[in-house]
Amino acid sequence: MQSTSDANGPAGRSDWDRTDWRKANRVVTNLRQRIFKAARANDHRKVRSLQKLMLRSRSNILMSVRRVTQVNAGRNTPGVDKVLVKTPAARGKLVDLLATLQPWRASPVRRVYIPKKTDSNKRRPLGIPTILDRCLQAMVKNALEPEWEARFEGSSYGFRPGRSPHDAIGKIYNLARPNMRKKIAVDADIKGAFDNICQDFILKAIGDVPGRALIEQWLQAGYLKDGRYHDTPTGTPQGGVISPLLLNIALHGMEAALGVTHDTRGKSIGKRAVVRYADDCAPRRRRGRLQERPQCHAA
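The numbering of the sequence shown is the working numbering, which starts it at 189 and goes up by one.
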């Protein structure tokens, strides 16, 4: 990845406090929209060209570092290298480091456990990448996500920009009305989804995308627990910036597999419909009212 000049002046300038954040955000947003439109138009060559431009963009580096070190809730949680980036000077140095052309090598994630929301006696494993890897993941995600947003099914609501649990609840409410033809609801939970994703399937699905080598490294980087290294032959670390997107890619195609069809307006027709929320809760119908049900990924 080479540095460029866009939102932060000449390449190499690291004055974090003087960064034009509106301009940086505008550059990244514009590139994301162009990737999305090219993907919708099936212009594969243009998609790849714009994705490479996104990975070279200094604005993308700036926005990614800002999100990881200032915005995200895990900004105070270090990876295996125990490094945190808390000062403007340190963020500026990280931007310059990410703007250099060098062969990056992913580090193992740090395995931690957090209590499950539905059962405090059970713990959920998280894999915490290093700050550097999180920034790289955020950069690659900005290049990859718009292409897949142009493909994803309308029934998918979790981990997607502009969508929320309330959107999924509203969709199920409309499907579960008494006057609808769909009379049976099936509630499904994908157990250990992040831990059991087929890595080869994901790599085959994303194809020859810019940043593929890094994605493969993150999938196979392994994790450290109590000072011991463990391989990760399956799954993607729940805690990585890019992991939710990879989960959605792995689950893409559920509608086609279940035989769901749509009319010209995109509305499901026939007796089958799917509403998927790839997170910790989904709604279900009970006694005529919609309530949230924890630990449900598909409905």
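No residue lacks a Cβ here, since even glycine has one placed at the ideal position from N, Cα and C.
Whose C-beta lies closer than 6 Å to the C-beta of residue i among residues of the same chain, with five residues either side of it excluded?
{"i": "Asp312", "result": "It is worth fixing the name first, because residue 312 is Arg in this sequence and not Asp. Cβ within range, chain order: Ile302, Lys304."}
{"i": "Asp355", "result": "Tyr345"}
{"i": "Asn248", "result": "Val216, Met242, Met327, Asn330"}
{"i": "Ala227", "result": "Val235, Glu335, Ala338"}
Among the residues of its own chain, which have a CB less than 7 Å from the CB of residue i, if the five just before and after it don't count?
{"i": "His450", "result": "Ser456, Ile457"}
{"i": "Tyr417", "result": "Pro296, Gly410"}
{"i": "Glu443", "result": "Glu341, Ser343, Val462"}
{"i": "Trp209", "result": "none"}
Under three-state DSSP, which class holds residue i?
{"i": "Ala445", "result": "helix"}
{"i": "Leu289", "result": "coil"}
{"i": "Arg475", "result": "Confidence at Arg475 is low in this model, with a pLDDT of 37, below 50, so the placement of that residue should be treated as unreliable; the coordinate-derived value is given next. Arg475: coil per DSSP, three-state reduction."}
{"i": "Val235", "result": "helix"}
{"i": "Gln483", "result": "Interpretation of Gln483 is limited by its pLDDT of 34, a score under 50 that renders its predicted location unreliable; the figure taken from the coordinates is listed afterwards. Coil at Gln483, not helix or strand."}
{"i": "Ala491", "result": "Lying before the first or after the last residue shown, residue 491 is absent from the chain, which here runs from 189 to 487."}
{"i": "Ser352", "result": "coil"}
{"i": "Leu272", "result": "coil"}
{"i": "Ser245", "result": "coil"}
{"i": "Tyr345", "result": "coil"}
{"i": "Tyr361", "result": "helix"}
{"i": "Ile457", "result": "strand"}
{"i": "Lys305", "result": "coil"}
{"i": "Val297", "result": "strand"}
{"i": "Pro313", "result": "strand"}
{"i": "Lys413", "result": "strand"}
Using a Cβ-Cβ distance under 8 Å, would residue i count as near chain D?
{"i": "Arg460", "result": "Of the protein chains in this structure there is only one, and it is not chain D."}
Could you pull out every residue in the same chain whose Cβ sits closer than 8 Å to the Cβ of residue i, ignoring the five residues on either side in sequence?
{"i": "His440", "result": "Trp336, Arg339, Phe340, Glu341, Ser344, Ala393"}
{"i": "Pro266", "result": "Leu272, Arg298, Ile316, Thr318, Ile319"}
{"i": "Leu205", "result": "Note on identity: in this sequence residue 205 is Asp, with Leu being the wrong assignment. For Asp205, where only same-chain residues beyond five positions count, the Cβ hits under 8 Å are Pro276."}
{"i": "Gln221", "result": "Pro334"}
{"i": "Arg400", "result": "Leu391, Ile394"}
Rounded to the nearest angstrom, how far is the Cβ of residue i from that of residue j, given a contact under 8 Å?
{"i": "Ala139", "j": "Met251", "result": "Within the shown structure, residues of the chain are numbered from 189 to 487, placing residue 139 beyond reach of any answer."}
{"i": "Leu285", "j": "Val273", "result": "Contact doesn't hold; Cβ gap of about 10 Å is too wide."}
{"i": "Val268", "j": "Pro296", "result": "6 Å"}
{"i": "Gln387", "j": "Gln408", "result": "7 Å"}
{"i": "Tyr465", "j": "Pro353", "result": "6 Å"}
Does the ligand GDP have a heavy atom nearer than 7 Å to the CB of residue i?
{"i": "Arg351", "result": "Only the bare structure without any ligand can be found here, which leaves the ligand GDP out of the picture."}
Nearest to residue i by alpha carbon, out of the options?
{"i": "Ala294", "options": "Thr288, Asp321, Gly346", "result": "Asp321"}
{"i": "Ala364", "options": "Arg460, His232, Asp208", "result": "Arg460"}
{"i": "Thr422", "options": "Val429, Ser352, Ile385", "result": "Ile385"}
{"i": "Gly428", "options": "Lys413, Gln325, Gly410", "result": "Gln325"}
{"i": "Ile430", "options": "Val448, Glu404, Leu412", "result": "Glu404"}
{"i": "Lys359", "options": "Leu219, Val462, Asn230, Asp419", "result": "Val462"}
{"i": "Leu402", "options": "Val259, Phe224, Leu314, Leu332", "result": "Leu332"}
{"i": "Arg246", "options": "Leu289, His232, Gly350, Arg348", "result": "Leu289"}
{"i": "Leu314", "options": "Thr424, Asp231, Ile223", "result": "Thr424"}
{"i": "Val300", "options": "Ala287, Val448, Asp414", "result": "Asp414"}
{"i": "Pro349", "options": "Trp209, Phe224, Arg210, Asp203", "result": "Phe224"}
{"i": "Arg244", "options": "Asn367, Leu219, Asp307, Gly447", "result": "Leu219"}
Is there contact here, the segment 378-394 with the segment 421-441, by at least three beta-carbon pairs under 8 Å?
Touching, yes.
Are the segment 390-409 and the segment 234-248 touching by the rule of at least three beta carbon pairs closer than 8 Å?
Counting Cβ pairs under 8 Å, three or more are found: they touch.
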